[in-house]
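Heads up: the structure comes next, in structure tokens.
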Amino acid sequence: MYLLFIPAIIYFIIFSYVPFYGLTIAFKKYMAFQGIWDSPWVGLDNFRYIFSSEKFLTVLKNTVLIHTYALIFGFPIPILFAILLNEVKNQLFKKTIQTVTYFPHFLSWVVFAGIVVNFVGPTGIINTILVNLGMQPLNFLTDTELFRPMLIITGIIKEFGWGAIIYLAAISGIDQELYEAARVDGAKRLRQIWHITLPGMRPIIILMFVLNLASILDAGFDQVFNLYNPAVYEVADIIDTYVYRVGIQSTDYSIATAVGIFKGVVSCVLIISANSMVRKWEGRSLW
């Protein structure tokens, strides 16, 4: 039976562990025509460069801010949506709402960004309405004050329905006799939600929060890459887009790899720290 694991083990070794050797690029002045072996070692020079670079500090700040705003404003919405959807008794209406809210998740950001531009672009639906009302159009895509809120809102719209699925599953696992007992005691819907539904969802809420916290350096490459432009680099350029420009467009693979290692180490430290705090406070953890 154990022989059945061999193909999977070989697969992970080849595609997950062997590529780790490429991390040595971060400690070299990598030149493609020389290859990894013959490129000269530079030690920690690449890391010194990125930490002393004002541009990198800017993209780091942007990444943390965008993810933090998305966490603050976006994390509660799937929870609230799942609770509200659970209270809907008309099954046809419920399934219709689920279909409408789940559908955007299956659109790639290339497609969804095109839809967003049709709404918020200079000649988009929103600006057309504003002009018809005698108001000034808003430059959502080029105004540094409006771009981040636009990112957060469009990200929430695309994913909140899909994100609610796991919370609906948690709600469905709550013992229905608790609700019946609460109704017998005269508890209204809000009290049932507060004293039964939310406590029943608590473990999965904590789990999802820990996972979101660990990805604080992941602000959504696909979304930002398909919506941003040089006019908003100051507030929208994130670590992943920076790595793309430096590594792919400028072919500075050493710097890009060093940034990637930094991101991975920080994410690992964050998830371990968050998991330790959850274990201390709640007596449960991811592992």
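The sequence shown begins at 9 in my numbering and counts up by one. Built from N, CA and C at the ideal position, the CB exists for glycine as well.
Check: Buried or exposed (CB count within 10 angstroms, at least 16 for buried), Phe13; Outcome: exposed
Check: Pair within 8 Å by beta-carbon distance, Val67 and Tyr250; Outcome: yes
Check: Contact set for Thr71: own chain, Cβ-Cβ below 7 Å, skip 5 residues either direction; Outcome: Leu225, Ala227, Ile246 and Ile247
Check: Collapsed DSSP secondary structure at Lys288 in the structure displayed; Outcome: helix
Check: Beta carbon proximity, Val128 to chain C, threshold 8 Å; Outcome: Protein chains in the displayed structure number just one, and chain C is not present.
Check: Where the alpha helix (DSSP H) containing Ile161 begins and where it ends; Outcome: Thr152 to Ser180
Check: Where the alpha helix (DSSP H) containing Phe59 begins and where it ends; Outcome: Asp53 to Ser60
Check: Own chain partners of Phe55 with C-beta closer than 6 Å, once the 5 adjacent residues on each side are dropped; Outcome: Ala266
Check: Three or more C-beta pairs below 8 Å linking the segment 38 to 53 and the segment 174 to 185; Outcome: no
Check: Neighbourhood of Lys37 by C-beta distance below 7 Å, restricted to the same chain and skipping five residues each side; Outcome: Ser47, Pro48, Val50 and Ser262
Check: Range of the contiguous alpha helix (DSSP H) that encloses Phe13; Outcome: Phe13 to Phe20
Check: Separation of Val118 from Gln231, as counted between CA atoms; Outcome: 8 Å
Check: Reduced DSSP secondary structure (H/G/I, E/B, other) of Lys36; Outcome: strand
Check: Inter-residue Cα distance where the pair is Ile91 and Ile58; Outcome: 44 Å
Check: Segments of 4+ residues assigned as alpha helix (DSSP H) that fall wholly inside the segment 85 to 153; Outcome: 99 to 110, 117 to 128 and 133 to 140
Check: Cβ neighbours of Ile212 in the same chain (closer than 7 Å, five flanking residues each side left out); Outcome: Ile174, Tyr175 and Ala178
Check: Own chain, CB closer than 7 Å to Asn220, minus 5 neighbours either side, in chain order; Outcome: Leu79 and Phe83
Check: Distance CB(Val218)-CB(Val274) smaller than 8 Å; Outcome: no
Check: Inter-stretch contact at 8 Å, needing at least 3 Cβ pairs: the segment 136 to 154 / the segment 233 to 240; Outcome: yes
Check: Cβ distance (whole Å) where Gly169 is taken to contact Tyr110 below 8 Å; Outcome: 5 Å
Check: Presumed contact (8 Å Cβ cut-off) between Pro145 and Leu138, rounded CB distance; Outcome: 6 Å
Check: C-alpha gap between Pro207 and Asn283, whole angstroms; Outcome: 19 Å
Check: Sequence-distant residues of the same chain with beta carbon closer than 6 Å to Ile134, five excluded per side; Outcome: Phe127 and Val128
Check: Closest Cα partner of Thr259 within the set Ser61, Ile33, Tyr19 and Ile21; Outcome: Ile33
Check: Separation of Ala121 from Thr136, as counted between CA atoms; Outcome: 18 Å
Check: Endpoints, the alpha helix (DSSP H) within which Phe315 is located; Outcome: As shown, the chain starts at 9 and ends at 295. That puts residue 315 outside it, with no answer to give.
Check: Whole-angstrom distance between Leu159 and His75, CA atom to CA atom; Outcome: 10 Å
Check: Element boundaries [alpha helix (DSSP H), containing Tyr250]; Outcome: Ile247 to Val251
Check: Proximity of Leu93 and Ile269 at Cβ, strictly below 8 Å; Outcome: no
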